[in-house]
Amino acid sequence: MARLQRVVLKGFKSIKEMDLELRPLNVLIGANGAGKSNLVSFFKMLNEMMAGRLQQYVATSGRAQSLLHFGPKVTPQVEARLEFEVDNGVDTYTMRLFHAAGDTLVFADESLSFLQTGYETPKKVPLGSGHEETRIGEKANEGEPTARVFKHLLDHCRVYHFHDTSPTARVRQYGYIGDNRWLMPDAGNLAAFLLRLREGKNGGSVYQRIVTTIQLFAPFFADFDLEPAGANKKDIILNWRDKGSDQVFGPHQLSDGTLRAICLVTLLMQPESELPDLVIVDEPELGLHPYALNIVAALFKKTSHHTQVLISTQSSSFLDNFEPEDVVLVSREGKESKFARPDGAKLEAWLDEYSLGEVWQKNVLGGGPH
Numbered sequence: 035m036a037r038l039q040r041v042v043l044k045g046f047k048s049i050k051e052m053d054l055e056l057r058p059l060n061v062l063i064g065a066n067g068a069g070k071s072n073l074v075s076f077f078k079m080l081n082e083m084m085a086g087r088l089q090q091y092v093a094t095s096g097r098a099q100s101l102l103h104f105g106p107k108v109t110p111q112v113e114a115r116l117e118f119e120v121d122n123g124v125d126t127y128t129m130r131l132f133h134a135a136g137d138t139l140v141f142a143d144e145s146l147s148f149l150q151t152g153y154e155t156p157k158k159v160p161l162g163s164g165h166e167e168t169r170i171g172e173k174a175n176e177g178e179p180t181a182r183v184f185k186h187l188l189d190h191c192r193v194y195h196f197h198d199t200s201p202t203a204r205v206r207q208y209g210y211i212g213d214n215r216w217l218m219p220d221a222g223n224l225a226a227f228l229l230r231l232r233e234g235k236n237g238g239s240v241y242q243r244i245v246t247t248i249q250l251f252a253p254f255f256a257d258f259d260l261e262p263a264g265a266n267k268k269d270i271i272l273n274w275r276d277k278g279s280d281q282v283f284g285p286h287q288l289s290d291g292t293l294r295a296i297c298l299v300t301l302l303m304q305p306e307s308e309l310p311d312l313v314i315v316d317e318p319e320l321g322l323h324p325y326a327l328n329i330v331a332a333l334f335k336k337t338s339h340h341t342q343v344l345i346s347t348q349s350s351s352f353l354d355n356f357e358p359e360d361v362v363l364v365s366r367e368g369k370e371s372k373f374a375r376p377d378g379a380k381l382e383a384w385l386d387e388y389s390l391g392e393v394w395q396k397n398v399l400g401g402g403p404h
């Protein structure tokens with residue numbers, strides 16, 4: 035299994051300079067405005083870049099002015115380096131995005147390299163400069179082996195954001211039944227995805243485990259009622275049944291917190307073979323009941339044994355579910371976001387008397403809520 039072992043990022047939003055080693059489970063904790071979500075949005079930018087939508091992402095994010103650290107006059111470029119540990123060595127992706135006319139970003143430089151275990155010199159694949167969209171896909175389609183590996187690696191670093199549970203959110207609407215290959219970032223295809231799991235191999239055992247887990251924090255919930263609708267039976271919506279009634283309820287009759295928890299449980303309990311290589315979730319605690327929060331935290335820990343996980347949070351009770359070695363402290367020093375691992379030796383004495391969340395609240399670790 036490939037693992038993202040290091041991210042170096044310069045000049046992106048509040049992140050002037052960051053060099054972060056990643057582990058199987060990474061929990062970013064910090065106060066409002068510390069910069070946690072800015073790291074998550076960098077990965078969101080990568081997702082959009084790999085889909086050929088970098089220019090669209092820049093335009094809809096407030097243009098380059100909003101993405102460059104204190105604007106283009108202070109910071110004319112974003113630099114990034116991602117190092118992936120693979121079975122036979124280390125794959126590295128580097129890019130520099132430079133401020134360009136129209137307040138956008140273009141590639142000043144983009145390259146791939148592969149250092150095989152036991153060798154001193156990496157194989158380099160330069161991708162050129164001056165282009166508006168990544169050339170990884172182009173090179174991969176030409177059959178370049180390193181580019182094909184990178185296309186897979188970067189395509190499988192996925193950001194999920196289940197905050198929008200408003201009446202008009204896609205997760206509460208009808209969707210196309212065939213849109214079920216993987217769970218969308220906003221869970222907009224949740225009904226179609228669950229239906230595929232229910233009708234999949236092993237008699238829908240993964241689906242049954244998801245339903246049983248939902249019942250732990252929503253004891254009224256009996257099951258989903260996933261029936262194709264529309265003239266051609268191509269539409270589906272997230273209907274469900276209550277344990278005490280034969281009536282079918284719609285997604286608008288699920289509370290925001292319950293719906294978010296269902297999205298998280300489905301994401302984390304999907305078949306291990308279908309999980310992305312890196313699962314990134316911004317503030318999963320939002321709107322969740324404490325009991326549901328603990329269940330979701332346990333699922334994140336379990337998932338991290340099969341794939342890499344990066345979570346951002348500002349909840350001390352959510353933090354209580356994790357170990358000190360999982361934590362990345364995010365703090366704001368002046369105009370810059372700083373990312374650091376806590377000092378284990380310093381923590382030891384405190385953890386004899388307090389939980390990890392309480393220690394963070396007391397600001398012993400730094401990056402606390404005060």
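Using the working numbering, the letters of the sequence shown correspond one by one to residues 35 to 404. Where is the CB? At the ideal position from N, CA and C, for every residue including glycine. Keep in mind the model is a prediction, meaning the values are calculated, not measured.
- Taking all protein chains shown into account, lysine 47 has 16 or more neighbouring C-beta atoms within 10 Å of its C-beta and is therefore buried.
- Leaving aside the five residues that flank tyrosine 91 on each side, the residues in its chain whose CB is nearer than 8 Å to its CB run, in chain order, Lys78, Met79, Glu82, Met83.
- Straight-line measurement puts the Cα of serine 95 at about 26 Å from the Cα of leucine 224.
- Distance from leucine 353 to tryptophan 394 at the Cβ level is roughly 6 Å; contact confirmed, criterion being Cβ atoms closer than 8 Å.
- Counting other Cβ atoms within 10 Å of its Cβ, proline 358 reaches 16 or more and is therefore classed as buried.
- If you ignore the 5 residues before and after arginine 115, its C-beta comes within less than 6 Å of the C-beta of Val42, Thr128, all in its own chain and listed in chain order.
- In this structure, Gly391 is the residue among Thr138, Asp316, Gly391 with its C-alpha nearest to the C-alpha of serine 351.
- Residue state for valine 330 is assigned as helix, using DSSP reduced to three classes.
- Distance from the CA atom of threonine 199 to the CA atom of aspartate 276, rounded to whole angstroms, is 20 Å.
- Boundaries of the alpha helix (DSSP H) harbouring isoleucine 296: 290-303, taken from the DSSP string.
- A Cβ-Cβ contact shorter than 7 Å links aspartate 316 with histidine 195.
- In terms of CA proximity to glycine 321, Ile296 leads the group His339, Ile296, Pro58, Pro156.
- Its Cα nearest to that of valine 362, the residue Met52 stands out among Ala36, Met52, Thr246.
- For phenylalanine 184, there is no enclosing beta strand (DSSP E); the enclosing alpha helix (DSSP H) covers residues 179-189.
- Cβ-Cβ distances below 7 Å link glycine 222 to Arg204, Val205, Gly209 in the same chain, with the five nearest sequence neighbours on each side left out; the list follows chain order.
- For tyrosine 91, the enclosing alpha helix (DSSP H) stretches over residues 88-94.
- One alpha carbon belongs to leucine 298, the other to leucine 333, and they sit about 9 Å apart.
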